[in-house]
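Data first, discussion second: the structure below is written as structure tokens.
In the working numbering, the protein residues as written are 996 to 1407.
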């Protein structure tokens, strides 16, 4: 079934997303958190309040600044002139973050104060021991997470193995966006139907490179569940059907855009007619005018929600003064006041269970009414199964195998 132009209510088998997430948590420790042996050591010095305001440099490897992160940071800076004199914002592809921090560490001076990014960024930093282990070492300087996180949020927090603070959480996707010119009845909603559609419409379907795209990542992570692969948590040994499928699908793909933004531009211009997407992209790109406002939307018949989250991470080697300010900043970033602002940036959930659409003010309600597909998402999020994403290590393996098996042979 599909939903065209945000007007036709979607109905499938019922289920409660929170219950599905709760069930998924049982597998987080077993197949989720990175091994503690990869975590970086904490700095030798305890946090120390600076005697004068310091300059922060914040590196975003996951689009978190645009997703409400910068607004929260700016509010913190304004409220704490005794701690922060100013902020330098930097962005980088997720795949480049660890290299930047490693170069600083190798040079003997870590100039980046805080890193924002998803499990991929965290995993890359962990592998090279470039991230500070915050929990439990500095738990007394952070909020009591049990009071602000529900089951799904807590699962993501725990998957960070104490090396990051969850600042963004989203049921995510994938599902499909399609141009209004397509008939809803013609939109494929199974992997087999999608492959047949791509074959009949070469060059009109694509997804962004998974290493640089939340929607591309969600798409390849959902396929093992839909295709009935041996082990959806193991890209190396359990994705035989998925890699074969993606390679076959790639015969009808002209190119894989290097980012979600480029994919959105190609879709919005009509170069692509059908793409996999996630909630934040569907909402924010329609609001920005990159997509048509009446873009069609469809769930897969076997809908699998690959949940997503972003962390705030402190590079290993920052000064005690920077560490002190970082912990204060992170505590504010996860507060309900800071989190509610994210609800007008494209997500419909937050990293704080106490910040919801219903209690975050009229501006949030108006935004969701205008762009949040209120006749679609509330029901859609009760449909299908919620799945924990790949562990950071497994995700890096998936990226490598995708490039070897799929990306390197585009159109072949």
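Glycine residues also receive a C-beta, built at the ideal position from the N, C-alpha and C atoms.
Item, Value
"For residue 1258, three-class secondary structure by DSSP", "helix"
"Range of the contiguous beta strand (DSSP E) that encloses residue 1211", "Per DSSP, residue 1211 belongs to no beta strand (DSSP E); it is in the alpha helix (DSSP H), 1209-1222."
"Check whether residue 1054 and residue 1110 have beta carbons under 7 Å apart", "yes"
"Inside the stretch 1075-1112 only - alpha helix (DSSP H) runs reaching at least 4 residues", "1089-1101"
"Validate contact between the stretch 1166-1181 and the stretch 1318-1328 using beta carbons, cut 8 Å, 3 pairs", "no"
"Coarse secondary structure for residue 1354, derived from DSSP in three states", "coil"
"Identity of the residues DSSP links to residue 1170 by a beta bridge", "1272"
"Residue environment, residue 1081, which counts as buried when at least 16 other CB atoms sit within 10 Å", "exposed"
"Residue of 1342, 1368 and 1390 minimising C-alpha distance to residue 1290", "1368"
"Touching by the beta-carbon criterion (3+ pairs, under 8 Å), the stretch 1380-1400 and the stretch 1107-1124", "yes"
"For residue 1334, the first and last residue of its enclosing beta strand (DSSP E)", "Residue 1334 -> not in any beta strand (DSSP E); alpha helix (DSSP H) instead, spanning 1331-1335."
"Span of the alpha helix (DSSP H), counted from its first residue to its last, around residue 1327", "1315-1328"
"Collapsed DSSP secondary structure at residue 1286 in the structure displayed", "coil"
"Three or more C-beta pairs below 8 Å linking the stretch 1151-1166 and the stretch 1292-1306", "yes"
"Contact set for residue 1323: own chain, Cβ-Cβ below 8 Å, skip 5 residues either direction", "1071, 1075, 1078 and 1136"
"Identified DSSP bridge partners for residue 1304", "1164"
"Own chain residues within Cβ distance below 8 Å of residue 1222, not counting five before or after", "1186, 1236, 1237 and 1240"
"Buried or exposed by the 16-neighbour rule on C-beta atoms within 10 Å, applied to residue 1083", "exposed"
"Three-way DSSP call (helix, strand, coil) for residue 1295 in this model", "coil"
"Exposure label - residue 1050; buried when at least 16 CB within 10 Å", "exposed"
"In DSSP terms, what residue 1055 is bridged to", "1086 and 1111"
"Proximity winner among 1205, 1184, 1244 and 1144, relative to residue 1349 (alpha-carbon distances)", "1144"
"Where the beta strand (DSSP E) through residue 1381 begins and ends", "1380-1382"
"Alpha carbon of residue 1379 to alpha carbon of residue 1317, nearest angstrom", "44 Å"
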